[in-house]
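Heads up: take any position in the sequence shown, counting from 1, add 1, and you land on this note's numbering.
Here a beta-carbon is modelled for each residue, glycine too, at the ideal position from N, C-alpha and C.
Everything below concerns the one structure shown next.
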Amino acid sequence: MRDRICIVCGSPLGETPLMTLDHMPASAQDIPEKEELAEEKGMTLRLHQCEACGLVQFDCEPVAYYKDVIRSGGFSTTMVNLRRRQYRHFIDTCHLEGKKLIEAGCGQGEFLSVLSEFPVKAYGIENRDNLVELAKEKGLKVWKQFAKEGQVLAPADGSACGPYDAFLSFNFLEHQPEPVSMLRCMADNLTEDGVGLITVPSLEYILQYDGYYELIRDHLAYYTFETLRYAVETAGFEVLEEEMVNRDTLSVIVRKRKQTGGQTNQEKRAEKVDVSGLIRSQDAIAQEMRELIRELKDHGKTLAVWGASHQGFTLASTTDIGAFAQYIIDSAPFKQGKYAPASHLPIVPPDHYHRNPVDAILIVAPGYTEEIAGTIKEKFGQNTDILALKSNHLERI
Ligand SMILES: [Zn+2]
2 MRDRICIVCG SPLGETPLMT LDHMPASAQD IPEKEELAEE KGMTLRLHQC
52 EACGLVQFDC EPVAYYKDVI RSGGFSTTMV NLRRRQYRHF IDTCHLEGKK
102 LIEAGCGQGE FLSVLSEFPV KAYGIENRDN LVELAKEKGL KVWKQFAKEG
152 QVLAPADGSA CGPYDAFLSF NFLEHQPEPV SMLRCMADNL TEDGVGLITV
202 PSLEYILQYD GYYELIRDHL AYYTFETLRY AVETAGFEVL EEEMVNRDTL
252 SVIVRKRKQT GGQTNQEKRA EKVDVSGLIR SQDAIAQEMR ELIRELKDHG
302 KTLAVWGASH QGFTLASTTD IGAFAQYIID SAPFKQGKYA PASHLPIVPP
352 DHYHRNPVDA ILIVAPGYTE EIAGTIKEKF GQNTDILALK SNHLERI
């Protein structure tokens, strides 16, 4: 196998990964159909830490759709309020009233619409055609483009929009195999003292609170404030502000560095991250699932999973649950009738339960457990055993 290099600093990643995850879903978004199952299989993911810049990353190829922004998570009031607060602060402190802001990877304009409430000129770029169309239908100034070094960010019709006074990037950088190229593109399209607001999921949060099933191939990089700072500095920015938002997300405000020439990043040895909690969670969850299955089998009981999310897919493909469970229930119509990646469990609508009932349901949907448990009790009656995967262990509800 060829030696992989760090996606930010280019140093070799070395041979020994921090941890190895076998039989992981190859994608969180591409959910296979029946005729694709013969070809579709799980993959081994190796999590490395760059010894030079410290960035934690997978050494695999990115998913095919890494340039697209697919925000499948619930577009909650909490999220809208968070963005509103971030925009207000960003516009106030960086004096952006009346200025031009561009969002790199704007999806269908979920967050750009919120920005339209503010007295700024809002633009967005998105790679996926149907999302660009949806954003345009909302009246947003969005066009198809992907931020890569050398690109001038402007609509194809030739109308000039840039240079921009600020850029926005919400949970997009962690998908990127060339994050520095993306950031340099943003820098090159900004005014001389242009600024940016970037958010990415926090590695520390995953290490502290989550199980290994939060790691997904779609997220190639797992940033900390330090490694994110290193990446933005390499691309020609300096960090003005760092803030932890929503408990699990890093948010930084950056500004283009003045052209002084010859400025390079300080060489420093990164401190090694401790992934022992994630490794323990692999063993502990596998063990708990084996015990659950044994107990159900002893009583002649059956099981289904609720939640066709990446967490549910990973649990099914990496533990004995994939072989034991009957199906995965999910309320999203576009997932129903398809199959979980790697484990190939069928994904069914909630009503399927009435045709093929099970004795127990295991909820794997962080953040939605209580809501789903309520639905199960209401629709399926009180006799269904309800369990949930929370953090790194199994809970009875
Ligand atoms: Zn590196």
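Legend entry - Residue of D60, I71, A389 and R5 minimising C-alpha distance to E372: A389
Inset, instruction - Determine the contact status of V196 and F119, defining contact as a CB-CB distance below 9 Å. - result: no
Legend entry - Limits of the unbroken alpha helix (DSSP H) element including A324: I322 to F325
Inset, instruction - Can you have a look at Q337 and say buried or exposed, based on whether 16 or more other CB atoms are within 10 angstroms of its CB? - result: buried
Legend entry - Sheet register partners of D386 (DSSP bridge): A361
Inset, instruction - Over the uninterrupted beta strand (DSSP E) stretch that includes H24, give me the two end residues. - result: M20 to M25
Legend entry - Expected contact under 8 Å - CB spacing of Y224 and E179 to nearest Å: With a Cβ gap of about 15 Å, Y224 and E179 do not count as contacting.
Legend entry - Three or more C-beta pairs below 8 Å linking the segment 79-94 and the segment 57-68: no
Inset, instruction - Identify whether H49 lies in helix, strand or coil by the three-state DSSP scheme. - result: strand
Inset, instruction - Compute the minimum distance between the beta carbon of G55 and the heavy atoms of ligand 1, and state whether it is under 8 Å. - result: yes
Legend entry - Buried or exposed (CB count within 10 angstroms, at least 16 for buried), N1: The chain is shown from 2 up to 398; residue 1 falls before or after that span and cannot be answered.
Legend entry - Residues near Q314 by beta carbon distance below 6 Å, same chain, minus five either side: For the record, residue 314 in the displayed sequence is Phe; it is not Gln. Within the same chain, F314 has close Cβ partners P26, A341 and P342.
Inset, instruction - Round the Cβ separation of A374 and I398 to the nearest angstrom and send it over; I've been treating them as touching at under 8 Å. - result: 5 Å
Legend entry - Those residues which DSSP pairs with V349 across a bridge: I330
Legend entry - For E205, the nearest candidate out of R258, D194 and L279 (CA to CA): L279
Legend entry - Environment of D60 [buried if 16+ CB atoms lie within 10 Å]: buried
Legend entry - C-alpha gap between E193 and A236, whole angstroms: 14 Å
Inset, instruction - Quick one: residues in its chain with C-beta nearer than 6 Å to the C-beta of E215, no 5 flanking neighbours on either side, listed in chain order? - result: I207
Legend entry - Cβ neighbour criterion (16 or more within 10 Å) applied to G368: exposed
Inset, instruction - Determine the closest residue to P156 out of Q146, D284 and P164, with distance taken between C-alpha atoms. - result: Q146
Legend entry - Rounded C-alpha distance that separates A39 from K298: 29 Å
Inset, instruction - Return the first residue and the last residue of the beta strand (DSSP E) that I254 is part of. - result: T250 to K257
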